[in-house]
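Asks: Have a look at the structure that comes next, please.
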């Protein structure tokens, strides 16, 4: 919604602006990030609990949890629009404040009240999207906020002390918190820790120093927000353990996490972190809770072996050329089909081969109201996203390293093999959306059969026609009847009069 507001504002007013997008949340927001992830897992678990082992309703009521890639999709859309050059990779709050601090008479459009708290040398105005009326031709602004005027009106030296008082006790009334803000110990360790990010604004010119050469800055413009976040951590001074927060795809919380392909992601991470980094911390679901997993960064030799192996898989990936549907024969359709089949090929290294009818439905986005569908779709999407992370990490590595590196040829081949992957909106889906078939039914089944053969899967039962519910019920009744007959007491001879007593 914020992006829609911004597009209308810039189009109507011809504003010269920058768009700052969350691409590197500061460490101070880590607990909030983890809290939201736990909340999403609890929401999925709560949705799962009323259902039996197989049935799943259309998950409409879980809201934004169903769209874990919304932020990356918006960032990707920006990078392919006329706003590409003004979209700044970095943490939105800090960089937006820094930009406003260096510009006279700046106006910040935002939904984040934190931007009221920064100590600006150049006084900006803050406008919240909720205070805009876009129904008029030139739109109407209901409220404009000046942090300086608000601070003077409340007779406070800083709004940070008020925010700190509210943070310490949100149950107090506003007037009580104003009174409390005036008596806050500004030298206390807790207050200094709370206020640090609002009082030490970086200059954009200084922040951009870490993104040299220019090729790297250009590459960062098109990065997924999670790759951008990792790159910012990797290039920042210090030797902190980089954190990676994997998207929580909608999945069955009673099963293992959909995030397989650890080797693919570890290669992606290792390509962008500095040699001094030895551990990367990955956050994702485990059971019905959130788990942090520490991954050991491989040595340069191990990295070369892993890159060579994955490059070989990508180059030799299964390609099914017999496309019978005209829509699927477009370049976008072929790229989507090849990417999904590559994800299936990689997934078969770690999961039991699913029945071909189930896989066919998942490939065509034909939701069948089963948890088996949900889990397989999440697993394939996690694999696709792992490949996406790897493709973008190779682009960062190529921007940072010259052709003289012995590693260059392998990484360039890997990047080339993955660079045709389509964007998020063309590649990812949610249960219940419109069908997007890979091809007609016969060609999809033939593609799956050939793919299974290439992967060494020859279980004939996986290719049998799926049975209807009525067929399954009839077979169940027949088995039960046969079992009852087997368990019956044998008939006694009619010549024995005592057999009548049995």
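In the UniProt record's numbering, the protein residues as written are 1 to 502.
No residue lacks a Cβ here, since even glycine has one placed at the ideal position from N, Cα and C.
Given the structure is predicted, the values throughout are model-derived calculations rather than measurements.
#1: Please report the residue range of the alpha helix (DSSP H) in which residue 412 lies.
#2: In the DSSP assignment, find the unbroken beta strand (DSSP E) run with residue 294 in it and report its ends.
#3: Can you look up residue 67 in the DSSP assignment and give me helix, strand or coil?
#4: Here's a check: name, in chain order, each residue in its chain whose Cβ is nearer than 6 Å to the Cβ of residue 430, leaving out the five neighbours to either side.
#5: Could you tell me the boundaries of the alpha helix (DSSP H) in which residue 191 lies?
#6: Suppose you measure from the CA of residue 423 to the CA of residue 243; what does that come to, to the nearest Å?
#7: Under a three-way DSSP split, which group does residue 177 fall into?
#8: Cβ of residue 272 within 8 Å of Cβ of residue 234?
#9: Please name the residue, chosen from 132, 103, 447, that lies closest to residue 357 on a Cα-to-Cα basis.
#10: When you compare each of 274, 269, 288 to residue 282 by their alpha carbons, which one comes out closest?
#11: Helix, strand or coil for residue 463, going by three-state DSSP, please let me know.
#12: I'd like to confirm the pairing. Which residues does DSSP put opposite residue 129 in its beta bridges?
#13: Where do the ends of the beta strand (DSSP E) carrying residue 260 lie?
#14: Just to confirm, are residue 71 and residue 227 a CB contact at a threshold of 8 Å?
#15: Exposed or buried, what is residue 43 when buried is set at 16 or more other beta-carbons lying within 10 Å of its beta-carbon?
#16: Helix or strand or just coil, what does DSSP make of residue 246?
#17: Name, in chain order, the residues that DSSP records as bridge partners for residue 145.
#18: Spatial neighbours of residue 246 within its chain, please: CB distance less than 7 Å, with the 5 preceding and 5 following residues excluded, ordered by chain position.
#19: Here's a check: name, in chain order, each residue in its chain whose Cβ is nearer than 8 Å to the Cβ of residue 353, leaving out the five neighbours to either side.
#20: Run through DSSP, which three-state label would residue 280 get?
#21: For residue 37, which of 434, 382, 156, 250 has the nearest alpha-carbon?
#22: Please report the distance separating the alpha-carbon of residue 79 from that of residue 31.
#23: Applying the criterion that 16 or more other CB atoms from any shown protein chain within 10 Å of the CB defines a buried residue, is residue 101 buried or exposed?
#24: Going by C-alpha distance, which of 368, 400, 131 is nearest residue 112?
#25: Does the contact criterion of 3 or more C-beta pairs under 8 Å hold for the segment 337-345 versus the segment 291-309?
#26: According to the neighbour-count rule (16 or more other Cβ atoms, all chains shown, within 10 Å of its Cβ), is residue 493 buried or exposed?
#27: So is residue 252 buried or exposed if we call it buried at 16+ other beta carbons inside 10 Å?
#28: Which two residues bound the contiguous alpha helix (DSSP H) that contains residue 425?
#29: Given that a residue counts as buried once 16 or more other Cβ atoms are within 10 Å of its Cβ, and exposed if not, what is residue 232?
#30: Report the three-state DSSP secondary structure of residue 30 (helix, strand or coil).
#31: Suppose the cutoff is 7 Å on Cβ atoms and the five residues either side in sequence are ignored; what does the same chain contact list for residue 219 look like?
#32: Hey, quick one: how far does the beta strand (DSSP E) through residue 110 stretch, first residue to last?
#33: Taking the continuous alpha helix (DSSP H) assigned at residue 370, which residues delimit it?
#34: Use the C-beta contact count for residue 466: other C-beta atoms within 10 angstroms, 16 or more gives buried, fewer gives exposed.
#35: Identify, in the order they occur along the chain, each residue of the same chain with its Cβ nearer than 8 Å to the Cβ of residue 69, setting aside the five sequence neighbours on each side.
#36: Is the separation between the beta-carbon of residue 19 and that of residue 108 shorter than 8 Å?
Replies: Based on what the coordinates show:
#1: 408-418
#2: 289-296
#3: coil
#4: 66
#5: 189-199
#6: 24 Å
#7: helix
#8: yes
#9: 447
#10: 269
#11: helix
#12: DSSP lists no partner for residue 129.
#13: No beta strand (DSSP E) contains residue 260, which DSSP labels as neither H nor E.
#14: no
#15: buried
#16: coil
#17: 126
#18: 259, 282, 283, 284
#19: 452, 455, 457, 459, 462
#20: strand
#21: 250
#22: 29 Å
#23: buried
#24: 131
#25: no
#26: Residue placement at residue 493 cannot be trusted, given a pLDDT of 49 that sits under 50; what the coordinates show is reported in the next sentence. So residue 493 counts as exposed.
#27: buried
#28: 424-427
#29: buried
#30: helix
#31: 395, 396, 399
#32: 107-110
#33: Careful: residue 370 lies outside any alpha helix (DSSP H) and carries neither H nor E.
#34: exposed
#35: 247, 385, 424, 428
#36: no
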